[in-house]
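Residue 355, in our numbering, is where the sequence shown stops; the numbers in between run on with no holes. To start, the structure itself, in structure tokens.
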Amino acid sequence: MITTIKNSDLTAVIKHFGAELCSLKDNSNTEYIWGGNPEFWGKHSPILFPIVGTLKNNSYQYNGKDYQLSRHGFSREMNFELIDKQENSATFSLTSTDETLQRYPFDFELFLIYTLENTSLKIEYKVINKGKSKMPFSIGAHPAFDLPNNFENYSLEFENSAPLTFHLLEEGLISNTTEQIQLDKKQLQLNYKLFENDALVFKKLPSKSITILENSKPILKVSYEDFPDLGIWTPPNAPFICIEPWFGYSDTVDTFGNLFKKEGIQVLDSNETFKSRFSIEIL
73 MITTIKNSDL TAVIKHFGAE LCSLKDNSNT EYIWGGNPEF WGKHSPILFP
123 IVGTLKNNSY QYNGKDYQLS RHGFSREMNF ELIDKQENSA TFSLTSTDET
173 LQRYPFDFEL FLIYTLENTS LKIEYKVINK GKSKMPFSIG AHPAFDLPNN
223 FENYSLEFEN SAPLTFHLLE EGLISNTTEQ IQLDKKQLQL NYKLFENDAL
273 VFKKLPSKSI TILENSKPIL KVSYEDFPDL GIWTPPNAPF ICIEPWFGYS
323 DTVDTFGNLF KKEGIQVLDS NETFKSRFSI EIL
């Protein structure tokens, strides 16, 4: 099933499976979200919960028991319930089940709220700890933006010209090695060589927005003031770029499996609510 929301400037389509944004078009019918061709990557904009990235050995320990949790968690592979629908907004909910408790022994309710305001789509996450104990989690976005023309015609503009420090990945885990990217007048020209070693992972990135430009013309802006961490990714020769605001990231190579001690983890007290949001603005 899908749900469509509209305003005078934009139309957005969200799948109930994963509560995943699969289309964002303007009045000229220009599509801004990757179409999900499985030749490159069969997703559009999945939610990452209750972890972001990869756990070491895809496992962790809690109360003396080992649990298995695959990359990016399970929420992107579950059906959400549409609980509110207005012309320009839609709210989806996912609640813990017997199945999720086998992999993640915490009672939760997760909400995704999509709202169109003028030429922006605002995406809000809300996480409620429904259990009696503290609940560790990470959450993140993974939107893929369609780049239909030559990949190297596109660039990313950051908020300032400071060099970007990113962490290299080692078999999907955060290594102890960092590298720097120099920007040219706040801009990073895209090329596939940047992603030869998988995603660029930024911890505590100072820039809180990124603008996609085509031949120096701004197209789209992603703003993520609430989010401390960020990933940027595309697979080889794919005609899209993912700009991924995160709370947390993959395990480090020297992690020891305690989810509460995981770098970047969030912890909610019983009945506590976490909220964050980011926006996609068409320019």
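Ideal Cβ positions, reconstructed from N, Cα and C, are used throughout, including at glycine. Nothing here was measured: the structure is a model prediction, and the numbers come from that model.
ASN160 sits in coil when the DSSP states are folded into three classes, being neither helix nor strand.
For GLN174, the enclosing alpha helix (DSSP H) starts and ends at 170 to 175. Relative to the Cα of GLU353, the nearest Cα in the group ASN151, ASP81, PHE164 belongs to ASP81.
With a 10 Å radius around the Cβ and a threshold of 16 neighbouring Cβ atoms, GLU268 comes out exposed. Secondary-structure assignment with DSSP links GLN133 through a beta bridge to ASP138, ASN330. Close CB contacts of ASP270 within its chain, under the 8 Å cut and outside five residues either way in sequence, are with LEU241, GLY244, TRP305 (chain order). Within the region 186 to 264, the complete beta strand (DSSP E) segments at least 3 residues long are 192 to 201, 207 to 209, 211 to 213, 216 to 218, 226 to 229, 236 to 242, 245 to 253, 259 to 261, listed from N- to C-terminus. Under DSSP, ASN99 forms no beta bridge with any residue.
Within 10 angstroms of the beta-carbon of ALA234 lie fewer than 16 other beta-carbons, which makes it exposed. Straight-line measurement puts the Cα of THR163 at about 5 Å from the Cα of ASP156. Checking the DSSP bridge columns, you'll see LYS289 partnered with GLU286. If you compare the alpha carbons of ARG148, GLU297, LEU277, ALA84 with that of ILE105, the shortest gap goes to ALA84. Taking one beta carbon from each stretch, the region 216 to 232 and the region 252 to 268 have 3 or more pairs nearer than 8 Å; the two touch.
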